[in-house]
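Numbered per this note's numbering, the sequence shown spans residues 52 to 599. Below you'll find the structure, written out as structure tokens, and then a few comments.
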Amino acid sequence: MSAKVEGVVAPCERAPLPEVESCVIVIFGASGDLSKRKLIPALYDLFHAGCLKRNFAVLGVGQSTWSDEEFRAQMREGAEKSEDVDEFNDAKWQEFAAHLTYTTGDLTTDAIYNEVATRSEKLHEQIAPNAARNRLFYFSTPPSLAPVMVKHLGAAGLNNEEHGWSRIIIEKPFGRDLASAQSLNAEIASVFNEHQVFRIDHYLGKETVQNILVFRFGNSIFEPVWNRNYIDYVEITAAETLGIGGRAGYYEEAGALRDMVANHLLQLLALTAMEPPVAFDADSVREEKVQVFRSIRPMTPDDVTRKTVRGQYGAGTVEGQQVPAYRNEQGVKKDSNTETFVAVEFCIENWRWAGVPFYVRTGKRLADKVSEIAIHFKRTPQALFARTPEDRIEPNVIVLRIQPDEGMTVTIATKLPGMEMHAGTVHMVFNYESGFGVRTAAAYETLLLDALQGDATLFTRRDETEAEWRLITPIEEAWAQAAAPPFPNYAAGSDGPRAADELLARAGHRWRALQESHIDTQAASESVSQQTNDGAHVQAQAEEVAQA
Ligand SMILES: NC(=O)c1ccc[n+]([C@@H]2O[C@H](COP(=O)([O-])OP(=O)(O)OC[C@H]3O[C@@H](n4cnc5c(N)ncnc54)[C@H](OP(=O)(O)O)[C@@H]3O)[C@@H](O)[C@H]2O)c1
């Protein structure tokens with residue numbers, strides 16, 4: 052049985068975007084995967100949204116010996132296939148592609164930086180001779196090159212801001228442990244000032260991730276209950292159905308903890324747990340996030356045994372396809388102990404959160420692709436309506452969905468229709484795209500635009516990266532000392548290892564099933580929804596919960 056409730060949100064149009072100053076964008080590693088799939092499609096969209104006008108140029112740098120035309124053809128392929136691109140067509144592409152140029156070089160040598168200096172000056176002369184010499188350098192290169200590149204940029208004077216701004220965007224992973232992150236930060240600080248440095252974590256560019264802040268601090272009804280008095284536990288999930296693709300080399304070195312928890316999941320945790328910032332600016336927001344990391348005590352080896360679970364997938368079926376075990380993936384060692392799944396219980400020891408576990412989990416080859424934050428509230432103190440087993444009311448849960456369909460679900464108790472008094476749970480589902488009727492901007496679009504405007508709010512500050520590694524490195528070290536679990540310990544296509552369920556069960560908690568989020572949203576989209584005059588709507592679906 053199901054019933055529906057309708058609500059209304061304010062009408063929304065995509066606000067006009069700001070126009071960026073004249074600049075040259077240098078993409079180091081322009082012949083690589085990220086550039087083709089994400090960066091160029093994002094710039095194409097920014098160009099057609101009017102943020103980049105005729106006075107910008109992109110200079111791609113890679114080892115592949117491509118001409119400008121070959122570079123454009125490669126990038127076109129990426130933009131054409133990209134799901135992020137708003138609207139691809141030939142005329143628009145030609146207009147944009149005229150701004151793309153390419154040069155070949157080895158980024159470990161001086162020569163290429165001198166060439167970049169000369170080429171970018173020429174480009175400035177062409178696009179806007181009288182404008183400031185603004186330059187954005189994107190490090191879309193193997194992480195090991197970052198310290199060398201920083202040094203060379205300094206030696207070539209490309210860090211200089213005398214005639215315009217100079218900024219660098221550095222991709223994740225930012226170091227591989229605390230010591231390497233500190234050393235990279237020190238190297239960067241010897242050449243660039245912190246205001247010139249943009250450490251990117253693309254999760255922060257996602258609409259729903261930014262919405263965590265609006266949801267928490269733009270509503271007065273949630274903040275009073277956002278603490279240990281009302282919240283039982285928090286789960287943060289980033290599950291993928293994909294395996295490692297062709298990235299065995301990288302993944303064997305990284306593993307799930309470094310690849311996902313050290314950045315994306317800790318960032319989600321910080322946004323969920325942080326205190327209200329005094330202002331929505333880079334320093335205020337980042338200061339509060341750092342305070343969260345400082346409130347988590349780094350784990351001892353004993354904590355690591357009790358509060359972490361690592362997993363590696365065996366063969367199985369994902370989305371109807373038979374897939375091999377991790378150890379049989381191309382490029383992976385047959386006895387690899389790299390984790391493809393991790394679950395960690397973090398405890399934030401401050402006034403707001405003491406005693407509330409924050410469980411995070413991530414993994415590859417899982418049953419469903421879903422990223423979400425689920426806030427589980429405590430049960431009501433009195434079971435007033437539990438007259439029959441059917442009347443069981445589930446505790447409230449707020450789910451903030453980040454992928455694949457951005458939005459949120461709130462579960463609340465309601466009387467079920469009928470003459471008898473029975474209670475059940477309703478799921479109020481809000482979907483960003485259908486709710487507002489507009490496409491949400493791709494994360495790289497948002498973040499590139501922010502960096503071009505010098506807004507670092509959604510980028511990671513120096514002390515933040517180190518605070519994150521201070522929590523992750525003790526886990527890596529304890530794992531290195533202990534014997535790995537008997538891998539593989541979960542089948543591809545499952546929800547992960549049983550030990551992850553046991554981690555929560557010990558405290559009487561449970562993970563949401565990975566397909567639960569889809570079930571919520573599908574049920575909502577199938578439900579009858581009244582479209583209001585302004586086109587915006589919120590759907591809510593009520594369903595009977597009849598669990599003992
Ligand atoms: N791909 C993603 O979805 C993704 C997501 C998040 C973060 N990242 C991060 O983004 C960065 C780039 O990733 P990617 O997947 O694009 O890697 P990739 O496909 O391996 O591309 C690396 C790029 O760096 C260039 N390169 C390597 N060594 C060089 C050298 N000595 N001199 C000049 N160019 C050199 C390569 O040139 P050639 O190919 O011409 O040799 C290529 O253009 C990495 O830090 C990665 O961790 C990637």
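In this text, a Cβ means the ideal position worked out from N, Cα and C, and glycines have one as well. A quick note: this is a predicted structure, and the numbers were derived from the prediction, not measured.
Notebook entry, point to check: In chain order, what residues of the same chain lie with their CB nearer than 8 Å to the CB of Arg227, ignoring the 5 residues before and after it?
Noted result: Hits under 8 Å: Pro194, Glu304, Ala305 and Arg309.
Next item on the list: Within 10 angstroms of the Cβ of His150, are there 16 or more other Cβ atoms? Answer buried if so, exposed if not.
Entry: It counts as buried.
Check: Can you give the beta carbon distance from Ala494 to Phe249, rounded, assuming they're within the 8 Å contact cut?
Finding: About 14 Å separates the two Cβ atoms, so there is no contact after all.
Check: Do you know whose CA, among Ala182, Phe225, Lys223 and Val242, lies nearest Asn211's CA?
Finding: Answer by Cα proximity: Val242.
Next item on the list: Identify every residue that forms a DSSP beta bridge with Glu496.
Entry: None; Glu496 has no bridge partner.
Notebook entry, point to check: Would you call the CB atoms of Tyr254 and Gln177 closer than 8 Å?
Noted result: Cβ atoms of Tyr254 and Gln177: not closer than 8 Å.
Next item on the list: Please specify which runs of the beta strand (DSSP E), each continuous and at least 3 residues long, are wholly inside the segment 366-419, giving them in chain order.
Entry: Whole beta strand (DSSP E) segments, 3+ residues: 367-369, 372-374, 392-398 and 408-414.
Check: Using CA coordinates, which residue listed in Val489, Ala81 and Arg127 is at the minimum distance from Asp141?
Finding: Per the Cα distances, Arg127.
Notebook entry, point to check: Would you say Asp228 touches ligand 3, meaning its beta carbon is less than 7 Å from a heavy atom?
Noted result: This structure lacks ligand 3; its bound ligands are ligand 1.
Check: Does the distance from the C-beta atom of Leu555 to that of Ile251 stay below 8 Å?
Finding: Taking 8 Å as the cut-off, the beta carbon of Leu555 is found no closer than this to the beta carbon of Ile251.
Item checked: Sheet register partners of His427 (DSSP bridge) -> According to DSSP, His427 shares a beta bridge with Tyr284 and Val448.
Next item on the list: Check whether the Cβ of Gln114 sits closer than 7 Å to any heavy atom of ligand 1, and report yes or no.
Entry: Remark: the shortest separation between the CB of Gln114 and any heavy atom of ligand 1 falls under 7 Å.
Margin query: Just to confirm before moving on: does the CB-CB distance between Ser82 and Trp117 stay below 8 Å?
Written below: Yes. Within cutoff.
Check: Cα-Cα, which of Leu565, Pro198, Lys257 and Ile220 is closest to Gly458?
Finding: For the residues Leu565, Pro198, Lys257 and Ile220, the minimum Cα distance to Gly458 belongs to Lys257.
Check: Per DSSP, Cys74 is paired with what?
Finding: Bridge pairing for Cys74: Phe107 [DSSP].
Margin query: Looking only at its chain, what residues have a beta carbon closer than 6 Å to the beta carbon of Leu68, apart from the 5 residues adjacent to it on each side?
Written below: Non-local C-beta neighbours of Leu68 in its own chain, meaning closer than 6 Å and more than five positions away in sequence, comprise Ala100 and Cys102, ordered along the chain.
Margin query: The beta strand (DSSP E) that contains Arg218, what's its start and end?
Written below: Residues Ser217 to Ile221.
Checklist line | Extent of the continuous alpha helix (DSSP H) to which Tyr189 belongs | finding: It is not in any alpha helix (DSSP H) - Tyr189 instead sits in the beta strand (DSSP E) that spans Arg186 to Phe190.
Item checked: Inter-residue spacing [alpha-carbon to alpha-carbon] between Gly365 and Ala533 -> Roughly 21 Å between the two C-alpha positions.
Next item on the list: Whole angstroms is fine: what's the gap from Glu390's alpha carbon to Tyr541's?
Entry: Taking the straight line from one Cα to the other gives about 11 Å.
Item checked: Where Pro275 falls, given that 16 or more other Cβ within 10 Å makes a residue buried -> Counting other Cβ atoms within 10 Å of its Cβ, Pro275 stays below 16 and is therefore classed as exposed.
Next item on the list: Taking only the alpha-carbon atoms, compute the straight-line gap between Ile399 and Ala529 and give it to the nearest angstrom.
Entry: Approximately 20 Å, taken between the alpha carbons.
Note to self: Just to confirm, is the Cβ distance from Val393 to Ala307 under 8 Å?
What the structure shows: Yes, the pair counts as a contact, with Cβ atoms nearer than the cut-off.
Next item on the list: Flag this pair as yes or no: are the beta carbons of Leu209 and Tyr164 separated by less than 8 Å?
Entry: It is a contact, given that the beta carbons lie within the stated cut-off.
Check: Got a sec, what are the start and stop residues for the alpha helix (DSSP H) Asn236 sits in?
Finding: First-last of the alpha helix (DSSP H) with Asn236: Leu229 to Ala240.
Notebook entry, point to check: DSSP three-state call for Ile178: helix, strand or coil?
Noted result: It is helical.
Check: Ends of the alpha helix (DSSP H) at Tyr301?
Finding: Where Tyr301 is concerned, the enclosing alpha helix (DSSP H) stretches over Ala299 to Ala307.
Note to self: Rounding to the nearest angstrom, what Cα-Cα distance links Val352 and Asn262 in this structure?
What the structure shows: Looking at the sequence provided, one finds Pro at residue 352 rather than Val. Roughly 36 Å separates the two Cα atoms.
Next item on the list: Compute the Euclidean distance between the alpha carbons of His560 and Val109, then round it to the nearest angstrom.
Entry: Using only the alpha carbons, I get a separation of about 51 Å.
Item checked: Close Cβ partners of Ile463 (< 8 Å) along its chain, the five nearest in sequence each way excluded -> The beta carbon of Ile463 lies closer than 8 Å to those of Asn447, Thr476, Val477 and Met479 in the same chain, with the five residues before and after it left out.
Next item on the list: Label Glu496 either buried or exposed according to how many other C-beta atoms from any shown protein chain fall within 10 Å of its C-beta, with 16 as the threshold for buried.
Entry: Classification for Glu496: buried.
Check: Considering only the beta carbon of each residue, do Ala418 and Ser545 sit closer than 8 Å?
Finding: A contact, by the Cβ cut-off of 8 Å.
Check: So what does DSSP say about Leu319, is it helix, strand or coil?
Finding: Looking at Leu319 - three-state DSSP - the assignment turns out to be helix.
Check: For Val360, does the count of other Cβ atoms within 10 angstroms reach 16, so buried, or fall short, so exposed?
Finding: With a threshold of 16 other beta carbon atoms within 10 Å, Val360 meets it and is buried.
Check: From Phe273, Gln363 and Val265, pick the residue whose C-alpha is nearest to that of Ala330; which is it?
Finding: The shortest CA-to-CA distance from Ala330 to any of Phe273, Gln363 and Val265 is the one to Val265.
Margin query: Quick check on this structure: which residue in Glu553, Trp402 and Ser335 has the alpha carbon closest to the alpha carbon of Val395?
Written below: Looking only at Glu553, Trp402 and Ser335, the smallest Cα-Cα distance to Val395 is reached by Glu553.
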